[in-house]
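Participant: Protein chains in written order, with the working numbering: chain A, 1 to 396; chain B, 397 to 648. Each residue gets a CB set at the ideal place from its N, CA and C atoms; glycine is no exception. Supplied in structure tokens, the structure appears directly below.
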Amino acid sequence: MTEATETTTPATALTTRLDRVGIVVAVIAVLGMDWQPFATLKPNRLISGQGLSLAASLPTLWAAIGVGVLSIATIVAVLRTGALLRLATGIASLLLLAVLIGIVPATVVPPGNAYARVSPAAGFWLMAFAFAVLTTDAVAKLRLGPLARLAMLAGAVVTVAILLGSGHWDGLSILKEYATNAQKFWREGAKHVELALGSLAAALVIGLPLGVACHRNATLRGITLPILNIIQTVPSMAMYGLMIVPLGLLAAWSPLAASLGIRGIGTAPALIALFLYSLLPVVANTVVGLGEVRRSVVEAAEGMGMTRHQRLFQVELPLALPVILTGIRIVLVQNIGLVTIAALIGGGGFGTFVFQGIGQAATDLVLLGAVPTIALAFTAAVLLDAAIELSERRRL
Amino acid sequence: MSRIIGPIARLAALGLLLALVLKPEWFVPVLKPFTENNAPVIYNQGSLLSLTLYHLGLVAIASLIGTALALVMGVFVTRKAGAEFLPLSRSLVNIGQTFPPVAVLALAVPVVGFGVKPTLIALVLYGLLPIFENTITGLKEVPENVVEAARGMGLDPTQQLFRVELPLALPVILAGIRLSVVINMGTATIGSTVAAKGLGEVIIAGLLTSNTSFILQGGIIVALLAVLIYDGLAILERRVAKRTGRLAEVAG
């Protein structure tokens with residue numbers, strides 16, 4: 001009965017009407033809007049540039065729209081509002097920021113100047129982060145199902161595709177960097193996906209049977225899992241480096257291996273290192289998934305006259321699927337990140353741009369490698385999270 | 397069987413690591429075939445011992461900062477005052493972990509420049525995620541009746557947290573710290589690509605000059621360090637879990 005005795009002071013009335021997450025969002029958004037530059041203008045690709053405020057980087061009308069809408073969005077965030085309204089506000093703000101940043105180059109770069117580079121600055125990123133937090137919070141509170149989340153992902157992909165395809169962002173520095181590297185970008189991108197998926201496929205072909213065998217044989221399990229655990233612990237750069245040695249020797253001794261393109265550096269050591277990293281999540285999750293299948297279910301299948309083989313494929317593996325999919329999610333997200341480092345040993349992938357960019361101190365080139373890597377990893381995570389939930393539902 | 401193999405393997409790994417770091421010249425005969433054109437066999441651009449200590453120091457500092465931040469945040473979002481942040485924290489941790497460590501590292505460079513700073517930032521930011529996640533999980537898994545009992549015994553919320561909840565959550569939190577330290581060992585190695593001092597230097601020097609002997613030295617030292625630290629923390633964790641298990645039995 002404490003509520004009855006509590007007196008409502010103006011201060012408590014105010015705090016109950018304010019959203020705590022919203023206050024954090026608002027602080028970050030206001031800092032981004034008023035305190036940090038919205039965009040950076042650089043005379044060329046390598047020289048550091050000059051920060052421009054939101055008002056200075058946009059035509060008056062657009063600047064007014066930007067400040068007006070984003071201020072209203074901040075107020076919606078601070079007040080205790082419905083999750084759906086917050087979701088819509090977050091998405092609308094992010095979309096507006098994406099449109100606004102595309103208008104900056106035409107506004108601040110004199111026509112005919114091909115060297116100047118415009119890129120989003122800290123203010124843009126702070127606001128984008130703030131409204132991404134607002135969106136994420138709303139999504140978490142709404143407890144959106146897997147299909148709704150997939151639809152949101154599809155919406156985001158289509159929006160980015162439209163913004164890229166229409167040429168709206170073409171004036172931004174990362175796209176200028178893309179324009180000079182377009183062919184290489186798609187080649188390295190294909191290589192990146194190929195390495196991540198190829199090593200996953202290899203890990204599934206070896207890891208699933210190995211997981212089933214480990215589930216059935218405790219001795220094998222006791223040997224296999226600790227070894228895979230140790231492999232997983234080895235830092236990636238050391239692993240890639242150590243792969244060079246045996247493959248280099250193999251290529252030196254066997255003309256066949258060399259003619260197949262196996263060398264100390266390049267795709268082969270990268271693929272093997274990624275494959276080794278992928279084994280633990282696949283094998284361990286297969287063992288855990290099969291271990292969770294209830295004894296009574298297996299006995300019922302036996303009673304129905306199923307053979308060991310039928311039982312495995314028709315009962316045990318389907319029931320273990322969500323846990324196995326969780327292992328696949330870990331592998332895929334991890335591999336998409338790890339492929340980046342393969343560029344150090346000539347394995348290719350988006351890491352090529354990251355390390356070239358670091359070498360030349362060219363931020364735009366780093367971004368050209370890092371942004372698609374993050375986008376790929378994020379997409380893979382959302383897709384597989386949805387697949388895991390859908391497979392859990394089907395199992396019930 | 398494994399009772400004998402475990403300690404022997406550990407000792408052997410530790411011995412090999414110490415020899416590689418302290419007496420690299422012992423390995424000249426083994427490593428010589430991996431060099432060409434009379435290139436140096438033993439890494440000669442700095443002492444392996446100081447690089448190793450620097451590497452460990454960087455990981456230790458980053459892990460301490462990350463652990464402190466993650467614990468404070470984890471405790472906050474599991475209290476009543478921070479409950480509104482709980483769903484958001486879970487989502488952010490999930491999303492944050494999809495960011496590749498190397499991307500975090502590369503993106504920190506334009507903000508703070510080359511050297512140890514971007515590496516430290518990437519290590520702290522990336523390393524705190526698994527600890528934060530496990531702190532939340534560990535504290536949420538403490539049975540409600542245990543907390544009730546503590547309250548009934550007259551413990552105030554602070555005492556409940558430090559005497560009951562955190563000790564019970566400790567094994568899960570430690571598992572997060574172990575994961576974080578291992579991730580940090582790897583990210584610190586990559587830090588050498590942005591000019592942070594550390595063992596990655598040896599591997600990179602080997603890659604740049606096609607000196608396989610350097611790659612082997614750097615790779616084996618980094619790998620042994622990571623595996624031994626992981627193993628040591630796992631042993632610590634099992635001890636704590638045993639103690640906590642008894643605690644939970646008494647409390648439950």
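Under a three-way DSSP split, which group does Lys-428/B fall into?
Facilitator: Translated into the one-based positions of the second sequence, residue 428/B becomes position 32. Three-state result, Lys-428/B: helix.
Participant: Would you mind listing the alpha helix (DSSP H) stretches within the segment 513 to 553 of chain B that are 4+ residues and don't spill past its ends, in chain order?
Facilitator: Runs found: 540 to 548.
Participant: How about Thr-363/A: is its C-beta nearer than 9 angstroms to some C-beta of chain B?
Facilitator: Position 363 of the first sequence, counting from 1, holds the residue named residue 363/A. With 9 angstroms as the cut-off, Thr-363/A counts as an interface residue toward chain B.
Participant: With 16 other CB atoms within 10 Å as the buried threshold, where does Phe-558/B fall?
Facilitator: Reading the second sequence from its first residue, position 162 is the one you call residue 558/B. By the neighbour-count rule (16 or more Cβ atoms within 10 Å), Phe-558/B is not buried but exposed.
Participant: When you compare the CB positions of Leu-271/A and Gly-198/A, do they come within less than 9 angstroms of one another, or not?
Facilitator: One-based indexing of the first sequence puts residue 271/A at position 271. One-based indexing of the first sequence puts residue 198/A at position 198. The answer is yes: Cβ separation under 9 angstroms.
Participant: Report the rounded CA-to-CA distance for Arg-216/A versus Met-243/A, giving the unit in angstroms.
Facilitator: Counted from its first residue, the first sequence places residue 216/A at position 216. Counted from its first residue, the first sequence places residue 243/A at position 243. In a straight line, the C-alpha of Arg-216/A is about 32 angstroms away from that of Met-243/A.
Participant: Within 9 angstroms of any Cβ in chain B, is that where the Cβ of Thr-286/A sits?
Facilitator: By 1-based counting over the first sequence, the position of residue 286/A is 286. It does not; no Cβ of chain B falls within 9 angstroms.
Participant: Which residues bound the alpha helix (DSSP H) around Gly-32/A?
Facilitator: Position 32 of the first sequence, counting from 1, holds the residue named residue 32/A. Where Gly-32/A is concerned, there is no enclosing alpha helix (DSSP H), given that its DSSP letter is neither H nor E.
Participant: Taking only beta-carbon positions, decide if Lys-141/A is within less than 9 angstroms of chain B.
Facilitator: For the purposes of this step, residue 141/A is taken as residue 141 along the first sequence, with counting starting at 1. Lys-141/A counts as touching chain B.
Participant: Look at the alpha carbon of Leu-144/A and the alpha carbon of Asp-137/A, and state the distance between them as a whole number of angstroms.
Facilitator: Residue 144/A sits at position 144 when you count from the first residue of the first sequence. Residue 137/A sits at position 137 when you count from the first residue of the first sequence. Cα to Cα, the separation comes out at about 11 angstroms.
Participant: Following the continuous alpha helix (DSSP H) through Arg-221/A, name the residue where it begins and the one where it ends.
Facilitator: For the purposes of this step, residue 221/A is identified with residue 221 of the first sequence, where counting begins at 1. Segment 218 to 233, the alpha helix (DSSP H) holding Arg-221/A.
Participant: Residues of chain A with CB closer than 8 angstroms to the CB of Glu-480/B, please, in chain order.
Facilitator: Here the question's residue 480/B lines up with position 84 in the second sequence. By Cβ distance, chain A contributes Asp-19, Arg-20 and Val-21.
Participant: If I follow the unbroken beta strand (DSSP E) through Pro-120/A, where does it start and stop?
Facilitator: Walking along the first sequence from the start, residue 120/A turns up at place 120. Counting along the chain, the beta strand (DSSP E) containing Pro-120/A begins and ends at 117 to 120.
Participant: In chain A, which residues lie less than 9 angstroms from Ser-459/B when you measure between Cβ atoms?
Facilitator: Within the second sequence, residue 459/B is the residue found at index 63, counting from 1. Within chain A, no residue comes near Ser-459/B; the closest Cβ sits about 15 angstroms away, beyond 9 angstroms.
Participant: Is DSSP giving Ala-39/A helix, strand or coil here?
Facilitator: Within the first sequence, numbered from 1, the residue matching residue 39/A stands at position 39. Reduced to three states, the DSSP call for Ala-39/A is strand.
Participant: For Gly-523/B versus Ser-588/B, is the C-beta distance shorter than 9 angstroms?
Facilitator: Position 127 of the second sequence, counting from 1, holds the residue named residue 523/B. Position 192 of the second sequence, counting from 1, holds the residue named residue 588/B. Not closer than 9 angstroms, so no.
Participant: Looking at chain A, is there any beta carbon in it that lies within less than 9 angstroms of the beta carbon of Ser-487/B?
Facilitator: In the second sequence, residue 487/B corresponds to position 91, counting from 1. Judged by the 9 angstroms Cβ criterion, Ser-487/B is in contact with chain A.
Participant: So, under 8 angstroms CB-CB, Thr-135/A and Leu-100/A are touching, yes? Tell me the CB distance rounded to an integer number of Å.
Facilitator: Along the first sequence, read from residue 1 onward, the residue named residue 135/A stands at position 135. Along the first sequence, read from residue 1 onward, the residue named residue 100/A stands at position 100. The Cβ separation is near 17 angstroms, so there is no contact.
Participant: Can you confirm whether Thr-326/A, when its beta carbon is compared against all beta carbons of chain B, has any partner nearer than 9 angstroms?
Facilitator: Stepping through the first sequence from its first residue, residue 326/A is reached at position 326. Chain B contact via Cβ: absent.
Participant: Would you say Val-234/A and Ala-456/B are within 9 angstroms of each other, going by their C-beta atoms?
Facilitator: Residue 234/A sits at position 234 when you count from the first residue of the first sequence. Residue 456/B sits at position 60 when you count from the first residue of the second sequence. No. Outside cutoff.
Participant: Taking a cut of 7 angstroms between CB atoms, which residues from the segment 563 to 580 of chain B lie near chain A?
Facilitator: So the close ones are Val-578.
Participant: Relative to the C-alpha of Glu-316/A, which candidate in Asp-385/A, Thr-286/A and Leu-54/A has its C-alpha closest?
Facilitator: In the first sequence, residue 316/A corresponds to position 316, counting from 1. Nearest option by C-alpha distance: Thr-286/A.
Participant: Could you tell me if Ile-341/A is buried or exposed, where buried requires 16 or more neighbouring beta carbons within 10 angstroms of its beta carbon?
Facilitator: Numbered from its first residue, the first sequence carries residue 341/A at position 341. Buried, because 16 or more other Cβ atoms sit within 10 Å of the Cβ of Ile-341/A.
Participant: Residues in the same chain with beta-carbon distance under 8 angstroms from Met-1/A, minus the five sequence neighbours each way, listed in chain order, please.
Facilitator: Here the question's residue 1/A lines up with position 1 in the first sequence. Annotation note: pLDDT 37 at Met-1/A (below 50); position unreliable, coordinate value reported separately. Answer for Met-1/A: no residue qualifies.
Participant: Can you tell me the Cα-Cα spacing of Ala-202/A and Leu-384/A, whole angstroms?
Facilitator: The sequence position of residue 202/A within the first sequence is 202, counting from 1. The sequence position of residue 384/A within the first sequence is 384, counting from 1. Rounded to whole angstroms, Ala-202/A to Leu-384/A spans 18 angstroms at the Cα level.
Participant: Using the three-state DSSP reduction, which class does Gly-167/A fall into: helix, strand or coil?
Facilitator: Position 167 of the first sequence, counted from the start, is the residue given in the question as residue 167/A. Reduced to three states, the DSSP call for Gly-167/A is coil.
Participant: Is any heavy atom of the ligand PLP found at a distance shorter than 8 angstroms from the C-beta of Leu-95/A?
Facilitator: This structure lacks the ligand PLP, and indeed carries no ligand of any kind.
Participant: Taking all protein chains shown into account, decide if Arg-394/A is buried (16 or more other Cβ within 10 angstroms of its Cβ) or exposed.
Facilitator: For this step, residue 394/A is matched to residue 394 along the first sequence. Under this definition Arg-394/A is an exposed residue.
Participant: If we ignore side chains and look at the alpha-carbon of each, how far apart do Ala-637/B and Gly-102/A end up?
Facilitator: Here residue 637/B corresponds to residue number 241 of the second sequence, with the count starting at 1. Here residue 102/A corresponds to residue number 102 of the first sequence, with the count starting at 1. Going from the Cα of Ala-637/B to the Cα of Gly-102/A covers about 54 angstroms.
Participant: Gly-349/A and Glu-188/A - do their beta-carbons sit closer together than 9 angstroms?
Facilitator: The residue labelled residue 188/A in the question sits at position 188 within the first sequence. The residue labelled residue 349/A in the question sits at position 349 within the first sequence. The answer is yes: Cβ separation under 9 angstroms.
Participant: Which residue or residues does DSSP assign as beta-bridge partners of Gly-51/A?
Facilitator: Stepping through the first sequence from its first residue, residue 51/A is reached at position 51. BP columns for Gly-51/A point to Thr-40/A.
Participant: Taking 7 angstroms as the limit between beta carbons, can you name the residues of its chain near Ser-71/A, skipping five residues before and five after?
Facilitator: Numbered from 1 along the first sequence, position 71 holds the residue referred to as residue 71/A. Contacts found: none.
Participant: Are the C-beta atoms of Thr-589/B and some chain A residue less than 9 angstroms apart?
Facilitator: Along the second sequence, read from residue 1 onward, the residue named residue 589/B stands at position 193. It does; some Cβ of chain A falls within 9 angstroms.
Participant: Would a check of beta-carbon distances place Pro-483/B closer than 9 angstroms to chain A?
Facilitator: Counting from 1 along the second sequence, the entry for residue 483/B is found at position 87. It does: the Cβ of Pro-483/B has a partner Cβ on chain A nearer than 9 angstroms.
Participant: Could you tell me which chain B residues have their CB closer than 8 angstroms to the CB of Phe-355/A, listed as they occur along the chain?
Facilitator: The count along the first sequence starts at 1 and reaches residue 355/A at position 355. Chain B residues near Phe-355/A: Thr-589.
Participant: Apart from the five residues on each side of it in sequence, which residues of its chain come closer than 8 angstroms, Cβ to Cβ, to Ala-106/A?
Facilitator: Numbered from 1 along the first sequence, position 106 holds the residue referred to as residue 106/A. Cβ neighbours of Ala-106/A beyond the five flanking positions: Gly-171.
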